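In my numbering, the protein residues as written are 1 to 501. No residue lacks a Cβ here, since even glycine has one placed at the ideal position from N, Cα and C. In this text, all values refer to a predicted model and were calculated from it rather than measured experimentally.
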C-alpha cells in the first residue's frame, strides 16, 4: 500500500543560482537557468517522484549550465583543476557530501549496513571520493572533462595577475623571497607540470597576455569574460519588469508575479540590517561578461568600485547553487553545489559540501501537531557562512519562529522577522564576521512545510539574489531577481502554497 499523501498533495521546488551582483544585461539568462531547473524537477515531482530525486535533478540542470559556478565550467583551482563541493540531505536529515563524487550515491550507500559493523561514509573528498565513485559504477571524467573555455580563460588571467603581484612583492621585499628560495629545497612541492587546464591548451603555466585589461585586479575579485552579443530575448526589458525599487523584496517574474503563479505573495519590506556587500572572497565568485566601449575595447574594472557603480552588464556572483523540494507525500529534501572560489588552494572545502553550513534539514517530529519540517540552503562568503553555521541557524530560527536577543535569550517572532534577525544579528554581528578583513555577504533560501501548506522565505544582504519556484499547481516557474539597494537593508520575500482542505 502506497504512503498516503499529506499537505494536500501539493509538491514544490525552490532553487537559487547564487547571491552577489547580477548584471542587468544578464538577468534573463540567470533566471532561465533557475526556471529550467524548476521545470526538470517538477517533471519528477508530478510523476510521483521523491523530493530527493527532484533536488538532484534541479542541481544537475544548474551544474550543466555554464552560467553557474557549479559542475561544468566551474572555477579552477590554482593548479588548474576542477574541485567541486556538493551535498544533499533527505527528509530524515541523512546526508551525503563530497568534492568529486555524486553526493546522492553517498547518501544511499551510507544508509546500507557494512560487514563487521563498519560505519559507511557520508562525506568523502579527493582521491577517496573518486575511488568510491568508480566502485559504485559512476563514470570518471578525464581531468579536463569539466573545464570550459571561459573557465580556462579566467584561470589564465588569475595566474597572470598572481605573477604580477608576486613580482611587485619581490621588488618591495627581496630579502624575504631570497630566504624562501633558500628553504624551497626542503619543502614539499606539488607537481606543476600536470595542470588539467593545460591538457586542453599548450600554453605555459603562467601565460603572459599582453595589454590585459585585468592587470591589478585582485585575484578573488570577479573577472569578466568575453560575451557574444545577446539576442533580443535576453534584453532586460523584453516584456519583463526589472524588479522592484531597490530594497524591496520581490520583483515581477518571467511573465507572472510570484503571487499570480499560484502562491500567496509573502513579500515583506526590508528590515533593519547590515549594509549589502558583494564580497570578492565569497564562494564561487566568478564573472560572466566583459563590458565594452563603443569601439569594442574592454572596459577596465576597478577593484575598489562598489558593484553598484560597475557596468550593469558585469556579473559578480557567488554561485553556490541550491535547491529545496517538497514531494506529494510531504517529504522535504535539500541540496547545494559549487565550484568554489577562483584559484582556490587544492583541497579547499567550501560550505556547499558541509551539512549545517551550506545545507540543512530539520525532519518532522512525529509528536508535533503542526507536522513541521524545515530546509535551508545558503550562498555567500563561504568562510563566514561556516563560522556562523548559517544553514542550521536559519532553519532553527524559522522552525521555532524565534530571534536571538543580545542577552542570549530568544523572542517569539514571525518567520519573516526570524529571517531578518538571522542575517542582521547572528550573521553580520557575529564576532568572527566582524573581525574578518573581508565583508560578509549571504543569501538564504528556506522552506517550511507544515500541515497547512508549504511556505517559502528568502533573505539576502548582497546586491542581488537569483531564485525561482514552482508548485504542482503552477503552469510555469516563477522567477525573480531580488535586488537590494544597500543602505543597511536586507531584502526579503517569499511565497505560500496552502494545503487543499
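{"Check": "By a C-beta neighbour count over all protein chains shown, 10 Å radius and 16 as the cutoff for buried, is residue 10 buried or exposed?", "Outcome": "buried"}
{"Check": "With which residues is residue 470 paired in a DSSP beta bridge?", "Outcome": "13"}
{"Check": "Would a C-beta distance cut-off of 9 Å place residue 333 and residue 322 closer than the cut-off?", "Outcome": "no"}
{"Check": "Would you check if the distance between the CB atom of residue 463 and the CB atom of residue 134 is smaller than 9 Å?", "Outcome": "no"}
{"Check": "Quick one: measure Cβ to Cβ for residue 373 and residue 449, integer angstroms, because I've assumed they're closer than 8 Å.", "Outcome": "5 Å"}
{"Check": "Go ahead and label residue 454 buried or exposed: buried means 16 or more other beta carbons lie within 10 angstroms of its beta carbon, across all protein chains shown.", "Outcome": "buried"}
{"Check": "State the Cα-Cα distance for the pair residue 69 and residue 341, rounded to the nearest angstrom.", "Outcome": "9 Å"}
{"Check": "Determine the direct distance from the alpha carbon of residue 368 to that of residue 361, and round the result to whole angstroms.", "Outcome": "16 Å"}
{"Check": "If we ignore side chains and look at the alpha-carbon of each, how far apart do residue 132 and residue 87 end up?", "Outcome": "16 Å"}
{"Check": "Three or more C-beta pairs closer than 8 Å, one from the stretch 34-50 and one from the stretch 464-483: is that the case here?", "Outcome": "yes"}
{"Check": "Enumerate in chain order the residues of its own chain whose CB-to-CB distance from residue 337 is below 6 Å, with the five nearest sequence positions on each side excluded.", "Outcome": "59, 63, 70, 86, 321, 352"}
{"Check": "Beta carbon of residue 355, beta carbon of residue 89: below 9 Å?", "Outcome": "yes"}
{"Check": "Starting from residue 460, trace the alpha helix (DSSP H) both ways and give me its first and last residue.", "Outcome": "Run containing residue 460: none in the alpha helix (DSSP H); it sits in the beta strand (DSSP E), 453-460."}
{"Check": "Please report the residue range of the beta strand (DSSP E) in which residue 410 lies.", "Outcome": "410-412"}
{"Check": "Do residue 339 and residue 34 have their C-beta atoms closer together than 9 Å?", "Outcome": "no"}
{"Check": "Quickly, what does DSSP pair residue 479 with across the bridge? List them, please.", "Outcome": "468"}
{"Check": "Please report the residue range of the alpha helix (DSSP H) in which residue 396 lies.", "Outcome": "390-400"}
{"Check": "Distance, Cα to Cα, residue 55 vs residue 446?", "Outcome": "14 Å"}
{"Check": "Would you identify the three-state DSSP class for residue 60, choosing helix, strand or coil?", "Outcome": "helix"}
{"Check": "Taking residue 32 as the reference, give the member of 17, 45, 393, 43 with the closest Cα.", "Outcome": "17"}
{"Check": "Give me whichever residues DSSP pairs with residue 85 in a beta bridge.", "Outcome": "338"}
{"Check": "If you measure between the beta carbons of residue 19 and residue 380, is that distance less than 9 Å?", "Outcome": "yes"}
{"Check": "Taking the straight line between their C-alpha atoms, what separation do you get for residue 412 and residue 456?", "Outcome": "19 Å"}
{"Check": "Along the chain, where does the beta strand (DSSP E) that runs through residue 375 open and close?", "Outcome": "373-380"}
{"Check": "Quick check on the DSSP output: the beta strand (DSSP E) that includes residue 360 runs from which residue to which?", "Outcome": "359-362"}
{"Check": "Among the candidates 30, 327, 406, whose CA atom is the shortest distance from the CA of residue 53?", "Outcome": "327"}
{"Check": "For residue 286, which three-state DSSP category applies?", "Outcome": "At residue 286 the pLDDT is 42, less than 50, meaning the model places this residue with poor confidence and gives no usable figure here."}
{"Check": "According to DSSP, is residue 443 part of a helix, a strand, or is it coil?", "Outcome": "strand"}
{"Check": "Going by alpha carbons, who is nearest to residue 452 out of 492, 151, 410, 499?", "Outcome": "499"}
{"Check": "List the residues that DSSP assigns as beta-bridge partners of residue 333.", "Outcome": "325"}
{"Check": "Can the beta-carbon of residue 432 be found closer than 9 Å to that of residue 388?", "Outcome": "yes"}
{"Check": "Please name the residue in 494, 490, 474 whose C-alpha comes closest to that of residue 480.", "Outcome": "494"}
{"Check": "From residue 158 to residue 172, what does the alpha carbon distance come to, in whole angstroms?", "Outcome": "21 Å"}
{"Check": "Is it true that the CB of residue 24 sits closer than 9 Å to the CB of residue 67?", "Outcome": "no"}
{"Check": "Can you have a look at residue 76 and say buried or exposed, based on whether 16 or more other CB atoms are within 10 angstroms of its CB?", "Outcome": "buried"}
{"Check": "Cα separation between residue 385 and residue 443?", "Outcome": "10 Å"}
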